[in-house]
Amino acid sequence: MGGAIVGLGQLVFLMFASIQCDGKVEDWIECNRTISSQTGLSYMVALVVIIMLVSGVIPKEVLKKHTISLKRVMAMHLSNEESFQAFGHSVAFICALYLLRSYGAEGDFISEVEKYTLLSATLIGCGSLIVTAVWTMVFIRRAMKRREVGQERQNESLSDNMYAVEVSSFWFYSGVLVVVLYSTLGIAAGVTADVYYQTLTRALLPIPMLLLAVAFFCQPRKSSPKDIRILRIFLLGPMYAHLAGLLVYCTRKAQYELVVFSSLQITCWTIIIHYSLKLRAAVGGLPDKDLESFLVDRLFKGSLQTLSYVLFLAFKTSRCMIERGGIAACSNTSWSTTCILMYLFLLWVAQLVQGSARSEWHRDLNLSIEKIARLRDISLQRISEGFLMFVACVCGIFLFSMMSAKEMNTETIVVVGIIGAAASAGVLVSEIITSLQTQKRMLKLSDSGQIAERSTEKEEPVEECFWFFAGVSFLVTSMPAVLGICSALTLDAKSYRSFVLMLKVILPIVQCSFAMVMFMKPKREDGDYKWFMYFSFFMFAVVTEGAFSVGLFKLGSIKFGVARILRIPMWYAISWVGLKFRESAAKLPPQELSNFLCQSVLVKLTSAIGPLVFFSFETVSCFISQGSLDNGECENT
């Protein structure tokens, strides 16, 4: 049931791009690209769901025996059956990527070749899935007939453990090959000074950096002078060639400020490689269990997840190229894509830095949600790191929303992109410093025998969240009141409509913030905090609705002004119910109250605010594209 419901949800989601396209154009013909790609992707999703449903009748132990192991893929130690599965899944994945490239792109096919290429990708992808599933089923039937599954599974587990800490050189040379190809593209951009190569080089930058990091850490225990020398030549050489190409381009264009910037890039890259070699040596010194966890969970699973984000965002730029007829018209979109992917790459590297420490030290590297709720025993450096993470996330959400805008301000995108990149780099630097300091301190504790005593400590239950969170929530809650006062002071309907639209954009975020004010300190029954909550309600409901009603009265809309005043009792009733739930929360046992404050109030409400901010920025991108708040073009958005 779960698999069928998830598959059905994915199929319904794939329909929305066609519906959205139909709402923008006058004829269905202008949606042929999206409809064809949606059809192909839907067939492939449906096939995957059916295959998973059919595989549910096979015993789990047998199914695990015939499922590709990530450890064996890392070591490239695959049987004939596993190699066939890997090849079939790769073909299907490539076909799905090609279909995803055209998904959501408006317009009819430019030629019959494009039409039949999409059809061929659908047929090849679906056929690959079917053939791979049938081939695997044949192997499973043979294994079940032999009745030797248990012994074979045991032997496979032993071989998996043998290859857990030794990764195949295939991944190293694959990364080097991609970096060399990318460097060739950079040299071509420098020699020809072509805008096409420049934009393409910038848009593809995160992909070679990601694969370069995988190649760099895939065999951390190879640390002989010869191995390090080969590593430096293969990894530094192509990147230096690429940066030299950029240097030539900047010199030819007489952009001497970019010449200085490219020179700084070369210097920074040398420093990064130097300290990365130290980090690689630290990873190579980990125990087998921790090294296996680093390679499997942090390096390979993390890189695959990040690569999926890279490809998804790259297809946003590709869709822009299809619709606008070239990469030169999508310079701002490629800038946004590159900046977002740079954030993701830096944050993934920060996770690699965390994984370079032993597993028993991770507790000291990772902040608990209880410490965050209290803001106690947290250094100023970690607080700054959290703030930088917040800035990077907001910049990433803003740039992702701007990617769908047809007209964008280049200066704004560049400024936001640089701020987000600086914040992400700050998070990485802070994580490196914290990791080095923590490992040094833990080594001293382990030498003195105090580490065993610290491992038994338990986190004290949280009874109330820190005032900082309540203060920020109050500021957000007061924003509608400010908009309402501004609307009451205005004299024309156009300005009033703009303030109402801004209220619609932020109102869901404000409601979540008001809930956080109410529930953050459930045991505070003193008059001061009660007056603080009452004042928050007064600003959120009474001042906001009253000020907007005054604006309506001034504009002559008496009935709408009265309707706004009548909404105040509704907000009062909702707040009264919230206070009753607050009283119930205060009666919970200490540990349950702590879980409620940490998980429900902080984590879940904050997680809800993230998508709300994204949807708000989507509306803002529509406003920017239209150049106005009140022309009615963004009402549906």
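Count the sequence shown with mature numbering (1 follows the signal peptide of the UniProt record, and there is no 0) and you get residues -23 to -1, 1 to 614, in order.
Here a beta-carbon is modelled for each residue, glycine too, at the ideal position from N, C-alpha and C.
Model, not experiment: these values are computed from the prediction.
Inset, instruction - Whole angstroms is fine: what's the gap from Thr44's alpha carbon to Cys227's? - result: Distance between Thr44 and Cys227, taken at the CA atoms: about 51 Å.
- [ ] Report whether the distance from the Cβ of His54 to the nearest heavy atom of the ligand ZN is below 7 Å.
- [x] By its list of ligands, the structure shown contains no ligand whatsoever, and the ligand ZN lies outside what it can speak to.
Does the beta-carbon of Met186 have 16 or more other beta-carbons within 10 angstroms, so that it is buried, or is it exposed? Taking every protein chain shown into account, the CB of Met186 has 16 or more other CB atoms within 10 angstroms, so this residue is buried.
Enumerated in chain order, which unbroken segments of the alpha helix (DSSP H) with a length of 4 residues or greater are wholly contained in the region 556 to 586?
-> As far as the region 556 to 586 is concerned, its whole alpha helix (DSSP H) runs of at least 4 residues are 567 to 572.
- Looking at Ile101 and Cys72, is the spacing between their C-beta atoms short of 8 Å? Yes.
Return helix, strand or coil for Leu263, following the three-state DSSP convention.
-> If DSSP states are grouped into helix, strand and coil, Leu263 belongs with coil.
Here's the rule I'm using: 16 or more other beta-carbon atoms within 10 Å means buried, otherwise exposed. How should Tyr159 be labelled?
Tyr159 should be labelled buried.
Point to revise | Anticipated Cβ contact below 8 Å, Met493 with Phe537, distance rounded | key: In fact, because the Cβ distance is near 30 Å, the residues do not count as touching under 8 Å.
Skipping 5 residues on each side, what residues in its chain have a beta carbon closer than 7 Å to that of Ile409?
The residues are Val330.
Suppose you measure from the CA of Ser32 to the CA of Leu40; what does that come to, to the nearest Å? About 8 Å.
Would Ile395 be called buried (16 or more neighbouring beta carbons within 10 Å of its own) or exposed?
Taking every protein chain shown into account, the CB of Ile395 has fewer than 16 other CB atoms within 10 angstroms, so this residue is exposed.
- Message: In whole angstroms, give me the CA-to-CA distance for Val121 and Gly397.
- Response: Rather than Val, the amino acid found at residue 121 in this sequence is Met. Whole-angstrom Cα-Cα distance: 55 Å.
### Query
Beta carbon of Ile6, beta carbon of Asp85: below 8 Å?
At a Cβ-Cβ threshold of 8 Å, Ile6 and Asp85 count as neighbours.
- Item | Reduced DSSP category for Leu606 - H, G, I as helix; E, B as strand; rest coil | Leu606: coil per DSSP, three-state reduction.
Enumerate in chain order the residues of its own chain whose CB-to-CB distance from Met139 is below 7 Å, with the five nearest sequence positions on each side excluded.
Because Met139 carries a pLDDT of 46, less than 50, the predicted location of this residue cannot be relied on, and the following value inherits that uncertainty. Within the same chain, Met139 has no close Cβ partners at all.
C-beta contact flag for Leu579 and Ile374 at 8 Å | Taking the C-beta atoms as reference points, Ile374 is found no nearer than 8 Å to Leu579.
- Query: Should Met380 be labelled buried (16 or more other beta-carbon atoms within 10 Å of its own) or exposed?
  - Reply: Met380 comes out buried.
message: For residue 681 and Leu177, I'd like the C-alpha separation in whole angstroms.
response: Outside the modelled stretch of the chain, which goes from -23 to 614, sits residue 681, for which no answer is possible.
- Task: Would you check if the distance between the CB atom of Gly(-21) and the CB atom of Val26 is smaller than 8 Å?
- Result: Yes, the pair counts as a contact, with Cβ atoms nearer than the cut-off.
Query raised in the report: Which whole-angstrom value is the C-beta distance of Ala69 and Arg10, which I expect to be below 8 Å?
Result: Approximately 21 Å separates the beta-carbon atoms of Ala69 and Arg10; this is outside 8 Å, ruling out the contact.
request  = To the nearest angstrom, report how far apart Cys103 and Leu182 are at their CA atoms.
outcome  = Those two C-alpha atoms are separated by around 31 Å.
| said: With a threshold of 8 Å, are at least 3 pairs of Cβ atoms found where one atom belongs to the region 344 to 363 and the other to the region 279 to 293? | reply: No, the region 344 to 363 does not touch the region 279 to 293.
Query raised in the report: Leaving out the 5 sequence neighbours to the left and right, which residues in its chain are closer than 6 Å to Tyr174 when beta-carbon positions are compared?
Result: For Tyr174, where only same-chain residues beyond five positions count, the Cβ hits under 6 Å are Ala165, Ala166.
Lys199 lies in the alpha helix (DSSP H); which residues open and close that run? Boundaries for Lys199: no alpha helix (DSSP H) harbours it, and the DSSP string shows neither H nor E there.
field: Start-to-end residues for the alpha helix (DSSP H) that takes in Phe86
entry: Where Phe86 is concerned, there is no enclosing alpha helix (DSSP H), given that its DSSP letter is neither H nor E.
Considering just the uninterrupted stretch of the alpha helix (DSSP H) at Ala524, what are its terminal residues? Unbroken alpha helix (DSSP H) run through Ala524: 521 to 532.
- Item | Whole-Å CB distance - Arg351 paired with Phe443, under 8 Å assumed | The Cβ separation is near 6 Å, so the contact holds.
- Item | Nearest-angstrom Cα separation, counted from Ile248 out to Lys293 | If I take the Cα positions, the gap works out to 33 Å.
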